[in-house]
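These notes are about the structure you will find just below.
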Amino acid sequence: MTLSVPLPATQQALKITGPSTVALCSNIALPVLEPSDVLVRVSYVSIGPVDSKSAEMSPTVGATAGTEFSGIVAALGDAVGADNNQAAPVRVGDRVVGGIFGNNPLRHDNGAFAQYVAVPSRLVWRVPDGMDLAAAVTLPTALATVGLSLFQYMNLPMPQSNNNNNNPRTPLEGPYVLVYGGGTATGCMAIQILKWAGFRPLTTCSDTSKERALRLGAVATFDYHSPDCSAQISEYTAGTLGLALDCITDSSSMALCYEALGSEGGRYVALDFFPLRCHTRRSVQPDWVCTYTQFGNPVAWAPPYNLGARPQDHRTAESWYVVSQQLLDQGRIEPLALEERGGGLAAIGEGMKEVRSGQIKGRKLVYPIA
């Protein structure tokens with residue numbers, strides 16, 4: 036193991052203690068560092084909906100909570116840098132950002148809401164110069180989820196970025212892709228990536244999110260409150276829509292997506308387990324994404340979130356991290372809106388309650404970790 040400075044023997048970590056409850060614990064061992072992992076000293080964390088939802092629906096008592104982190108690489112596993120297929124291995128001292136499977140029934144010692152986190156070296160991004168760690172921590176879940184959704188589950192071709200071109204790529208006259216929920220974190224990210232990849236993103240969102248969605252690259256926005264929203268989308272696309280990414284995933288959003296898809300059907304990808312009763316068209320191929328499958332291990336939460344290992348998700352994720360690192364370096368990805376809070380790890384439990392109750396909209400809660 037390669038170290039920057041001597042590591043502490045123990046750390047503080049936010050542990051799951053029951054349904055929707057967490058507690059800050061001291062004298063916790065640092066996470067075990069696998070040969071291909073890097074150990075990151077956490078600087079910032081962000082609360083996402085999955086952190087609150089999983090703690091409510093599938094709590095793992097004793098597991099460290101949290102998904103998104105940014106910080107400084109403090110140590111390297113023995114195999115990091117030995118892989119000749121990894122073009123630019125992470126180094127000690129690098130500023131990085133990423134996500135990890137917190138509240139993990141199969142691994143209690145690792146989660147983002149802690150002072151240290153272990154993560155595969157191929158599944159972190161270096162934070163580019165000019166982006167601070169607070170802004171960076173808004174990105175990991177959305178960026179990873181969009182990569183899997185578009186280039187694995189929607190089966191779109193993954194373009195390769197061009198290091199010699201620092202200007203955003205002009206969208207091609209490619210197929211339309213509906214992003215339901217363009218005001219969400221993942222919706223904002225999907226619009227940006229679809230624009231870069233040459234597709235024509237259109238989105239449903241509220242009036243308050245419309246301007247931002249258009250600025251990020253949406254070719255059109257539609258008010259999901261409108262009773263004829265799906266008809267408006269069908270008219271705009273001349274009945275050719277064949278791709279829909281549902282960033283909300285409830286019965287209403289799924290029904291609208293199905294209605295908006297053209298007569299030939301297409302692909303519908305949800306970000307959560309979708310209501311089976313809403314699968315009303317045989318011509319539509321539905322699927323849903325659990326971003327934790329990117330790590331190549333089973334997800335052992337309560338059904339329907341008990342998933343076997345998906346090696347292809349892992350391979351797609353590794354490829355996407357390489358491409359999206361170039362996009363970050365070239366300034367093509369805009370961080371999400373954030374609200375920075377004080378209080379460190381001790382304050383995160385209250386923030387999780389706010390996220391779970393729907394009080395936080397249009398921004399991410401971000402906490403510095405001393």
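So that you can map any letter, position 202 of the sequence shown is 237 in our numbering, and since no number is skipped, the others follow by simple counting. Using N, Cα and C, we set each Cβ at its ideal position, and we do this for glycine too.
task = Please confirm if the segment 68–85 is in contact with the segment 143–157, defined as three or more CB-CB distances below 8 Å between the two stretches.
result = yes
ask   = Nearest CA to the CA of Lys108: which residue from Asn139, Val96, Gly137 and Leu168?
value = The identity of residue 108 in the sequence shown is Val, whereas the question assumes Lys. The candidate whose alpha carbon is nearest that of Val108 is Leu168.
ask   = Which stretch, first to last residue, makes up the beta strand (DSSP E) that contains Lys396?
value = Counting along the chain, Lys396 falls outside any beta strand (DSSP E), and DSSP gives it neither H nor E.
message = So Leu183 and Val334 are supposed to be a Cβ contact under 8 Å. How far apart are they, rounded?
response = Rounded, the Cβ-Cβ distance is 13 Å, inconsistent with contact.
inquiry  = Can you check which of these residues, Ala177, Thr275, Thr243 and Ser265, is closest to Ile228 by C-alpha distance?
reply    = Ala177
query = Helix, strand or coil: which one does DSSP assign to Cys282?
reply = coil
request  = Could you check what DSSP says for Gly325 in three-state terms: helix, strand or coil?
outcome  = The residue asked about is misnamed: residue 325 is Cys in this sequence, not Gly. It is coil, neither helix nor strand.
ask   = Who are the near neighbours of Asp281 in its chain, counting only those whose CB is closer than 8 Å to its CB and skipping five residues on each side?
value = Tyr215, Gly216, Ser288, Met289, Cys292, Tyr303, Val304, Ala305, Leu306 and Phe309
task = Below 7 Å CB to CB, which residues in the same chain sit around Glu103 once its five sequence neighbours on both sides are set aside?
result = Val80, Ser81, Gly83, Gly134, Ala147, Val172, Pro175 and Thr176
message = I'd like to confirm the pairing. Which residues does DSSP put opposite Asn364 in its beta bridges?
response = For clarity, residue 364 is Asp in the given sequence; the question names Asn instead. Paired residues: none, contrary to the question.
query = Bridge partners of Cys313, per DSSP?
reply = Looking at the DSSP assignment, Cys313 forms no beta bridge with any residue, so it has no partner.
inquiry  = Below 8 Å on the Cβ atoms is my contact criterion, and I expect Gly112 with Lys50 to pass it. Report the Cβ-Cβ distance as a whole number of Å.
reply    = That belief does not hold up - the Cβ atoms of Gly112 and Lys50 are roughly 24 Å apart, past 8 Å.
task = Note down the Cα distance separating Met387 from Gly101, rounded to an integer number of angstroms.
result = 10 Å
task = Could you tell me which uninterrupted alpha helix (DSSP H) segments, each at least 4 residues in length, are contained entirely in the segment 249–283, listed from first to last along the chain?
result = 264–271
request  = Specify the secondary structure class of Arg126 as computed by DSSP and reduced to three states.
outcome  = coil
query = How is Ala58 classed by DSSP in three states: helix, strand or coil?
reply = strand
request  = Confirm, please, whether the CB-CB distance from Tyr188 to Asp322 is below 8 Å.
outcome  = yes
Supposed contact pair Gln360 and Arg161 - C-beta distance, whole angstroms, cut 8 Å = 7 Å
request  = Give me the Cα-Cα distance between Asn139 and Pro155, rounded to the nearest whole angstrom.
outcome  = 16 Å
ask   = Anyone know if the C-beta pair for Phe186 and Thr351 falls short of 8 Å?
value = yes
key: C-alpha distance - Leu141 paired with Thr45, whole-angstrom precision   = 21 Å
request  = Answer yes or no: do Thr99 and Asp129 have a C-beta to C-beta separation smaller than 8 Å?
outcome  = no
ask   = Can you give the beta carbon distance from Ala220 to Leu363, rounded, assuming they're within the 8 Å contact cut?
value = Going by Cβ atoms, the distance from Ala220 to Leu363 rounds to 16 Å, so no, they are not a contact pair.
query = Taking DSSP as the reference, what is the three-state secondary structure of Asp86?
reply = helix
message = Per DSSP, what are the beta-bridge partners of Asn341 in this structure?
response = Ala335
inquiry  = For Ala123, which residues in the same chain have their Cβ closer than 6 Å to its Cβ, ignoring the five residues on either side in sequence?
reply    = none
message = Quick check: Thr239 and Phe257, are their CB atoms within less than 8 Å of each other?
response = yes
ask   = Should Gly366 go down as buried or exposed, given a rule of 16 or more other Cβ atoms within 10 Å for buried?
value = exposed
request  = Counting only the same chain and skipping the five closest in sequence on each side, list residues whose C-beta sits under 8 Å from that of Ala382.
outcome  = Arg376 and Tyr402
inquiry  = Can you give me the C-alpha to C-alpha distance between Ala114 and Pro70, rounded to a whole angstrom?
reply    = 5 Å
request  = Could you tell me if Met224 is buried or exposed, where buried requires 16 or more neighbouring beta carbons within 10 angstroms of its beta carbon?
outcome  = buried
query = In whole angstroms, what is the alpha-carbon distance linking Ala248 and Gly222?
reply = 9 Å
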